[in-house]
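So the sequence shown is numbered by the UniProt record's numbering: it starts at 1 and just counts up by one. C-beta: ideal position from N, C-alpha, C; glycine also. Taking it in order: structure first as structure tokens, then the write-up.
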Amino acid sequence: MDDQYSVQGAAALSICESLLLCLGDMGLMTDKDVIGILEDAASAHVTGEPGGEVNNHHQAVHDLIKAIIKGGNSVRHPA
1 MDDQYSVQGA
11 AALSICESLL
21 LCLGDMGLMT
31 DKDVIGILED
41 AASAHVTGEP
51 GGEVNNHHQA
61 VHDLIKAIIK
71 GGNSVRHPA
């Protein structure tokens, strides 16, 4: 993958995560809303039929978003 593309992707991810955290902190979105957005984004990268060939790039994006959901990166968790 091209370095410029990788840098742009990392910047976009950081910006989006910050926006989701801000919207949650301001009470404009619940944690459930944030998770829903992330689930929708992950689902958008699932292509092809069950058992069929899946594009590696889309699968990697799907897996990363699922890891973000699991890790709670975009939702603040009280200590």
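Between the stretch 3-12 and the stretch 23-30 there are fewer than three C-beta pairs closer than 8 Å, too few to call the two in contact.
Per DSSP, ASN56 is one residue of the alpha helix (DSSP H) stretching across 56-71. For VAL34 and ASN55, the gap between their C-alpha atoms comes out near 26 Å. When rounded, the separation of the alpha-carbon atoms in GLY72 and GLU39 is 13 Å.
ALA42 sits in a helix when the DSSP states are folded into three classes.
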